[in-house]
Amino acid sequence: MAKIENYNFKDKKAIVRVDFNVPLDENGNITDDTRIRGALPTLKKILADGGALILMSHMGKPKGKVNEKLSLLQIRDAVAKALGTDVKFAPDCAKAQEAAKELKPGEVLLLENLRFYPEEEGKPIGIDKNDPGYDAAKKAMKESQKEFAKTLASYADVYVNDAFGTAHRRHASTAVIADYFDKEDKMLGLLMEKEVKAVDNILKDINRPFTAIMGGSKVSTKIGIIENLMDKVDNLILCGGMTFTFAKAQGGKIGNSIVEDDKLDLAKHIMDLAKEKGVNLVLATDCIAADNFANDANTQVCSVMAIPDGWEGLDAGPDSIIAFRNAILPAKTILWNGPAGVFEFDNFAKGSKAIAEAIVEATDNGAFSLVGGGDSVACVNKFGLADSVSYVSTGGGALLEAIEGKTLPGVAAVAE
Ligand code: AMP
11 MAKIENYNFK DKKAIVRVDF NVPLDENGNI TDDTRIRGAL PTLKKILADG
61 GALILMSHMG KPKGKVNEKL SLLQIRDAVA KALGTDVKFA PDCAKAQEAA
111 KELKPGEVLL LENLRFYPEE EGKPIGIDKN DPGYDAAKKA MKESQKEFAK
161 TLASYADVYV NDAFGTAHRR HASTAVIADY FDKEDKMLGL LMEKEVKAVD
211 NILKDINRPF TAIMGGSKVS TKIGIIENLM DKVDNLILCG GMTFTFAKAQ
261 GGKIGNSIVE DDKLDLAKHI MDLAKEKGVN LVLATDCIAA DNFANDANTQ
311 VCSVMAIPDG WEGLDAGPDS IIAFRNAILP AKTILWNGPA GVFEFDNFAK
361 GSKAIAEAIV EATDNGAFSL VGGGDSVACV NKFGLADSVS YVSTGGGALL
411 EAIEGKTLPG VAAVAE
C-alpha cells in the first residue's frame, strides 16, 4: 500500500475524501470543528509538497437530493481559515471538471456535498426493498455509482482517503473511486493511519490486563462488539442504560428504567459467555435513581435490583463506581464506548466522569486508552479530558465495526 508519508505530491492534484460532516447550528455556524482540524495534517502535507487539493465530503443525510441546509458552502470559510489559504467551491460535485483542471499547485477546491447525488451511497431511492423491481434498480444504481466515482476520480492524479467516520461504507468516494487509481496513487490519509493503528493496538498488540467499558442506552446496538470483545478482554464493564436489561434478566425490579424486554435472554447469554471465557464481567450493582427524566429530578441511591415504582436509574451508584475503578486502574489496554449514565444532565454525569478519570489515571500509569463512538467522545470533551487519554477516535460506526473485526471497505479499497 502506498504511504502518504513517502509520497511526493509536487505538481499533483490530490482528491481527498475528508469527513467534514460537522455539526451546524440553525444559522449554519459550525458548533464543533474537530473533524476539520482532524484532516489538517493530511491537507497541509499535500499543500506543503506543492500539490493541489480537491476536497470532497458528505454532510448530513440529504438522501440524494440537493438541500441548501446541508451545503458544504457553509463551511468553506472555516476550511479556508483552518488551512490559511483561499478555498474555491464547486457547486456541483459531479460537474467540477473545469474547476479541477484549472487548479494550480497550492490551490484548494471544495466540492459540494457528495450525498446530493444518490450515487454516492449507491442505494436506489424511492423503491422499497420488497418491491419486485428492487434488485434491478439496485443493479442499475451500482452501475451509475461506478460512473459517478469515475467522474470524481477524473479530477485528480492521486486519491487519499482520510474519512475514518465513513470508512465502514462502500460509497463512491470512500471505496469505489479507488478502482480508478493505480496502486501507487491511492492511500490512507494521516488521520486514517492513526485510527487504524489505534484499532490495531486494541485488537492485535494487546498489553494486559485489557479492560473494555461499554455503555450507552441499549445492549442491542452493541451486541456484535460485546461478543467480539469476549475473546479479547480480561475485564468487561457493561454500564449505562443496558444495566437494567441485565438487572431485569436476573429477576430485578427496575421501576421505570430503560429496558429492552426482548433482550433479556441475550443479557443472560452474555453473562454465560463471560463465565465460559473467563472474562471478569463488571455490572453496576447500584444506581442513582430519579423520579423524573430531568436534571433537577429528585434522586436516591438504590440497588439496580430494587428500584421503586415510578423511579428510573439514570446514573451509576457509588458502589458501582468503585467496582468500575477497580477494573480500570490496573489495566494496560482500555477501550471505552458509551456513557455510564445520562451524562448530558450534569447531575447524572458522575459515573461517566469517574470512568473518564480512572482511564486518565491508568493512562498516566502507562495504559493505552482508546475512547471512541460519539457519546463517549462527547463525555471526555465535556470533562476536559480528551487530551489526557491515548487516543480519541473520530469514528462511531466505523470504529465499532473495526473492533468487531470487520474489514472496513474504505481501508481495504486503497490497500488492494
Ligand atoms: P448509545 O447511543 O447507545 O451509545 O447511548 C448513548 C445515550 O445513552 C446517551 O445519550 C445517554 O444519555 C443514554 N443513557 C446512558 N445511560 C442511560 C440510562 N441509565 N437511562 C437512559 N439513557 C441512558
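Residues 11 to 426 (the numbering used here) make up the sequence shown, in order.
Glycine included, every Cβ here is placed at the ideal spot set by N, Cα and C.
The model shown is predicted, which means the values in this text are computed figures rather than measured ones.
Practice item. May I ask whether a heavy atom of the ligand AMP can be found less than 6 Å away from the beta carbon of Gly-226? Key: yes
Practice item. Would you please state the rounded distance, in angstroms, between the beta carbons of Gln-107 and Ser-164? I believe it to be under 8 Å. Key: 7 Å
Practice item. Give me whichever residues DSSP pairs with Tyr-169 in a beta bridge. Key: Ile-25, Lys-196
Review point. Which partner residues does Ile-64 have in the DSSP bridge list?
Key: Ile-25, Leu-119
Review point. Is the beta carbon of Gly-351 within less than 6 Å of some heavy atom of the ligand AMP?
Key: yes
Review point. Cβ atoms of Val-424 and Leu-395: under 7 Å apart, would you say?
Key: no
Check your understanding: Considering only the beta carbon of each residue, do Arg-45 and Asp-29 sit closer than 7 Å?
Key -> yes
Check your understanding: Is DSSP giving Tyr-127 helix, strand or coil here?
Key -> coil
Practice item. With DSSP as the reference, label Val-269 as helix, strand or coil. Key: coil
Check your understanding: When you compare only the Cα positions, how much space is there between Lys-73 and Glu-129?
Key -> 10 Å
Practice item. Taking Val-402 as the reference, give the member of Lys-98, Leu-82, Lys-204, Met-281 with the closest Cα. Key: Lys-204
Point to revise | Phe-220 in three-state terms, based on DSSP | key: strand
**Study point:** 6 Å CB neighbourhood of Gly-251 in its chain, flanking five on each side removed
**Key:** Ser-227, Ile-268
Review point. Grouping DSSP H, G and I as helix and E and B as strand, with all else coil, what is Gln-84?
Key: helix
Review point. Does at least one heavy atom of the ligand AMP sit under 6 Å from the Cβ of Gly-406?
Key: no
Exercise for review: Run the proximity test for Ile-268: is its beta-carbon closer than 6 Å to any non-hydrogen atom belonging to the ligand AMP?
Suggested key: yes
Check your understanding: Which residue or residues does DSSP assign as beta-bridge partners of Thr-231?
Key -> Partner(s): none; Thr-231 has no beta bridge.
**Study point:** Sequence-distant residues of the same chain with beta carbon closer than 6 Å to Ile-247, five excluded per side
**Key:** Ile-223, Val-292, Phe-334, Ala-337
Point to revise | Rounded straight-line distance, which links the Cα of Leu-345 to that of His-279 | key: 22 Å
**Study point:** Check whether Asp-356 and Ser-330 have beta carbons under 7 Å apart
**Key:** no
Check your understanding: Is the beta carbon of Leu-324 within less than 6 Å of some heavy atom of the ligand AMP?
Key -> yes
Check your understanding: Using a threshold of 6 Å, is the CB atom of Asp-145 nearer than that to any non-hydrogen atom of the ligand AMP?
Key -> no
Check your understanding: Can we say the segment 165-172 touches the segment 130-141, given the rule of at least three CB pairs closer than 8 Å?
Key -> no
Practice item. Could you tell me the distance, in whole angstroms, from the CA atom of Asp-210 to the CA atom of Leu-380? Key: 11 Å
**Study point:** Contacting residues, own chain, Cβ-Cβ under 8 Å from Gly-143 (five flanking each side not counted)
**Key:** Ile-137
Review point. Going along the chain, which residues of its own chain have a beta-carbon closer than 6 Å to the beta-carbon of Met-66, five neighbours each way excluded?
Key: Arg-27, Leu-121, Leu-124, Ser-183
Exercise for review: Note down the Cα distance separating Asn-308 from Phe-353, rounded to an integer number of angstroms.
Suggested key: 16 Å
**Study point:** Coil, strand or helix - Ile-247 by DSSP
**Key:** strand
Check your understanding: Assuming Ala-173 contacts Gly-420 under a Cβ cut-off of 8 Å, what Cβ separation, rounded to an integer in Å, is found between them?
Key -> 7 Å
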